[in-house]
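J.: For the sequence shown, full-length UniProt numbering assigns the number 1 to the initial residue and increments by one for each residue that follows. Virtual Cβ for every residue (Gly too), placed ideally from N, Cα, C. Values in this document were obtained by computation on a predicted structure and should not be read as measured data.
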Amino acid sequence: MGMICESVLSEFKELLSMCGGPNEKLRANYLLQQIIILPDAPSERIIGLRTTRKLALKNKIVYGTADYWYAPTLTANRAFVRTISQTGMSLYTIEHRPRALTGD
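1. Can at least three beta-carbon pairs, one atom from the region 57–77 and one from the region 40–47, be found at a separation below 8 Å?
2. For Ile46, collect the residues of the same chain with a Cβ closer than 7 Å to its Cβ; drop the 5 residues on either side in sequence, then sort them by chain order.
3. From the beta carbon of Arg27, is the nearest beta carbon of chain C less than 9 Å away?
4. For the alpha helix (DSSP H) that contains Thr83, what are its first and last residues?
5. Please classify Thr65: does DSSP put it in a helix, a strand, or coil?
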């Protein structure tokens, strides 16, 4: 079963309402019924990193919440993962290619 943190859920719903077509909205609603919604709870090791342009607070909250729960993050944000690795830390991530909503 998948998990999503509240900040990602909020951003996803906003993006879906602006750009998603009727079929995408149906699929999204089905998906959201299948996953657990977690409060934002970033790990101390991630949230403790200095916030910079490359280590934005929003991303630290998202990836840090997954880190707190020892859960993988499904991501297309290779830049953030690379920046974290440059600090000497590693994250449990599953990378995918970026995809845009199609309006379908």
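T.: Inspection of the coordinates gives the following:
1. yes
2. Lys60, Tyr63, Gly64 and Asp67
3. The chain inventory of the structure shown lacks chain C, comprising one protein chain alone.
4. Arg78 to Gln86
5. helix
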